[in-house]
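Some notes on the structure that comes next.
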Amino acid sequence: MINIAFGLSDGFSKYCATAVASILANHKMTSPENKIHFFFMGNLAEKSKNNFLKLKKIQDFDYTFIGVNTPEFEKIPLNGRNPATLYRLLTPALLPENIDKAITLGCDLVFNDDVQKLWDTNIDNYYIAAVKDADISHGYKQWKETYFNADVIMFNIKKLKEFGFNNKWKEFVCNEKNMEGLEFSEQDILNSLITQKIYFLDNIFNMTGGHCFASSQETIAKTIVAHFAGAKPWQPTCIHPLKNLYFKYETLTPSKQSKFKHYAAYYIDFIKRNPLFLFKKNYRAKLKNFIFKKY
Numbered sequence: 001m002i003n004i005a006f007g008l009s010d011g012f013s014k015y016c017a018t019a020v021a022s023i024l025a026n027h028k029m030t031s032p033e034n035k036i037h038f039f040f041m042g043n044l045a046e047k048s049k050n051n052f053l054k055l056k057k058i059q060d061f062d063y064t065f066i067g068v069n070t071p072e073f074e075k076i077p078l079n080g081r082n083p084a085t086l087y088r089l090l091t092p093a094l095l096p097e098n099i100d101k102a103i104t105l106g107c108d109l110v111f112n113d114d115v116q117k118l119w120d121t122n123i124d125n126y127y128i129a130a131v132k133d134a135d136i137s138h139g140y141k142q143w144k145e146t147y148f149n150a151d152v153i154m155f156n157i158k159k160l161k162e163f164g165f166n167n168k169w170k171e172f173v174c175n176e177k178n179m180e181g182l183e184f185s186e187q188d189i190l191n192s193l194i195t196q197k198i199y200f201l202d203n204i205f206n207m208t209g210g211h212c213f214a215s216s217q218e219t220i221a222k223t224i225v226a227h228f229a230g231a232k233p234w235q236p237t238c239i240h241p242l243k244n245l246y247f248k249y250e251t252l253t254p255s256k257q258s259k260f261k262h263y264a265a266y267y268i269d270f271i272k273r274n275p276l277f278l279f280k281k282n283y284r285a286k287l288k289n290f291i292f293k294k295y
C-alpha cells in the first residue's frame, strides 16, 4: 500500500482534489500492494469529502478522513500561510500504528508521473526524503546546506517515532524563543528538528518555480512533481513554467472550471478587497501589468 497524507482545510479541498486526481491519473496499480491509501487530515465538510470520493472514477483507492484538534498549533506564527499546513507535523502520530512509511504532500502541486517512483526510494536509514528548497537553501537561513522544502516529504515513520518526533515538535513550539523569527511555520520547525539522516531527492520530485528557473528545459521536461509555491496557477500572477499542468488535471475533478473563470474570480476578489484601487497609482500599475501580460 502506498500511503499518502494531505493536511488541508475546506477552502483548499478543491485544489487538493486536483493533486489527488493527478496522482491517480499517473499511477499504474498492478496489485493490492501498490494500491494508494489517502489520508486527509483536516476537519472537512461532507461536500468536500464526497468530492474526493468522486475521484474513484479515475482509479480506485482507499481513504481515511482524520479530524484535527491540536492546541499547540495556536502558538505557531503562520505569517499568512494556511493553518492546515501545520497538520503535516501530525503525520507520524495520526496515521495507523502499522504504517512505517508515508508521503506527505501540500495541496498546491500536481504529479506528472507515477508516484511509485517516489515511493520506491529506499529511506530505511533516513528520517525523511525531501528536496532542498530552491529559494532559501542558499540564502539567509542557518541551515543553508540542508534546508528542505516541506511540501513533498516521505516520512520514515518508524524511525521518527524512535526519534521521539511527536514530543520534540511539541516541546519546540512551547518555547516562545523558538517561535521568534519563525517564517515558514511547520517547514522551519521540521528543519530545526530534522538536521541529519535526510535523503535528498532530485529536484524533479518537487519542481518549484525557483527550481525551474535554475534548470535546463531537458530537466524540467522530466518533472515528476510540479509544485506551485508562491502564486498559484489559478491566479494570473503565477509565472511557473508548468502551471498549465494544473488545469490539465483539474479537468478530472468535480470543481473543474476554465482558466478564464479562475482569473475572473481572482480579479473580482481583488476589487472587493481593494475597492478604491483605481485611485492608487501602484494598484493601477499592477492592473495594467495583469491585463497586458500574456499568461
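Residue numbers for the sequence shown follow UniProt numbering, so the first one is 1 and each next one is one higher. The beta-carbon is built from N, C-alpha and C at its ideal position, and this holds for glycine as well.
The DSSP-derived three-state label of N3 is strand. Scanning M207, I2 and F165 for the CA closest to the CA of N112 turns up M207.
DSSP, read as helix, strand or coil, puts N156 in strand. For T219, the enclosing alpha helix (DSSP H) starts and ends at Q217 to I220.
In this structure, M1 is the residue among M1, V131, C238 and H211 with its C-alpha nearest to the C-alpha of K101. Of the other Cβ atoms in all chains shown, fewer than 16 fall within 10 Å of the Cβ of L53; this residue is therefore exposed. Taking every protein chain shown into account, the CB of P96 has fewer than 16 other CB atoms within 10 angstroms, so this residue is exposed. Counting C-beta atoms within 10 angstroms of its own C-beta, T253 has 16 or more neighbours from the protein chains shown and is therefore classed as buried. Measuring C-alpha to C-alpha distances from K243 to each of E250, T251 and F228 identifies F228 as the nearest. Each of F40, D114, T70 and K161 was checked against the Cα of T30, and the nearest Cα belongs to D114. Counting only the Cα atoms, T70 lies some 27 Å from Q196. Taking 4 residues as the shortest admissible run, the segment 187 to 232 contains the following complete alpha helix (DSSP H) segments, listed from N- to C-terminal end: 209 to 213 and 217 to 220. DSSP places D10 in the helix class (H, G or I) of the three-state scheme.
Here the segment 186 to 204 makes contact with the segment 169 to 177; the two share three or more CB pairs at distances below 8 Å. The continuous alpha helix (DSSP H) containing L118 extends over residues Q116 to W119. Following the DSSP letters along the chain, one finds M179 in no beta strand (DSSP E) but inside the alpha helix (DSSP H) bounded by residues E176 to M179. In this structure, F12 keeps its C-beta atom at 8 Å or more from the C-beta atom of F38. Within a 10 Å sphere around the beta-carbon of A129 sit 16 or more other beta-carbons, which makes this residue buried. In the DSSP assignment, V110 forms a beta bridge with A226.
Per DSSP, the beta-bridge partners of H37 are N3 and D62. Counting along the chain, no beta strand (DSSP E) covers L53; the unbroken alpha helix (DSSP H) around it starts and ends at E46 to L53. Around the beta carbon of G67, fewer than 16 other beta carbons lie within 10 angstroms, which makes this residue exposed. In the DSSP secondary-structure assignment, L105 is bridged to F6 and V152. The shortest CA-to-CA distance from C16 to any of F205, P32, S48 and L90 is the one to S48.
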